[in-house]
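Numbering (this note's numbering), first residue to last: 117 to 258.
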């Protein structure tokens, strides 16, 4: 079997593997296999072809994968509700460590959780939004 056919089969297998995993791992070896395929037209030495395939694949993986992952990283989509993080509100229904309560923040009622019990009418600060619930903490009296 011709060596270029072997490289073409390797390219197809690695491409299918990359498409099924989407981990940006085998794509670099697809690129290095294409280079090895091109080299196979100029030399019959399989050791050279395989060496180029492995060395170039590892170099591409190590040098460009982190850059591409940062570029493709999806940024968090901010919503209008994100603006209430850091705001203060008031507890309208007692919150315990194991039981959600209710708070009023920015004129709206929210279900809220906290690490400690917070009594009704206490002032709270919004720490984060988890789904449709707020994580809050009690604001200490000044």
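Cβ coordinates follow ideal geometry from the N, Cα and C atoms, glycine included.
Item, Value
"Beta-carbon gap between residue 251 and residue 237 smaller than 8 Å", "no"
"Expected contact under 8 Å - CB spacing of residue 233 and residue 212 to nearest Å", "5 Å"
"Residues of its chain near residue 244, where Cβ-Cβ distance is below 8 Å and the 5 sequence neighbours each way are ignored", "201, 250 and 251"
"At least 3 beta-carbon pairs within less than 8 Å: the stretch 176 to 188 vs the stretch 216 to 227", "no"
"Reference residue 143; option with closest CA among 157, 156 and 128", "128"
"Coil, strand or helix - residue 229 by DSSP", "strand"
"Assigned secondary structure, residue 209 (DSSP; H/G/I helix, E/B strand, else coil)", "strand"
"Residues bridged to residue 253 [DSSP beta-bridge criterion]", "241"
"Status (buried if at least 16 other CB within 10 Å, exposed otherwise) for residue 149", "buried"
"N- and C-terminal bounds of the alpha helix (DSSP H) containing residue 168", "162 to 188"
"Own chain, CB closer than 8 Å to residue 160, minus 5 neighbours either side, in chain order", "119"
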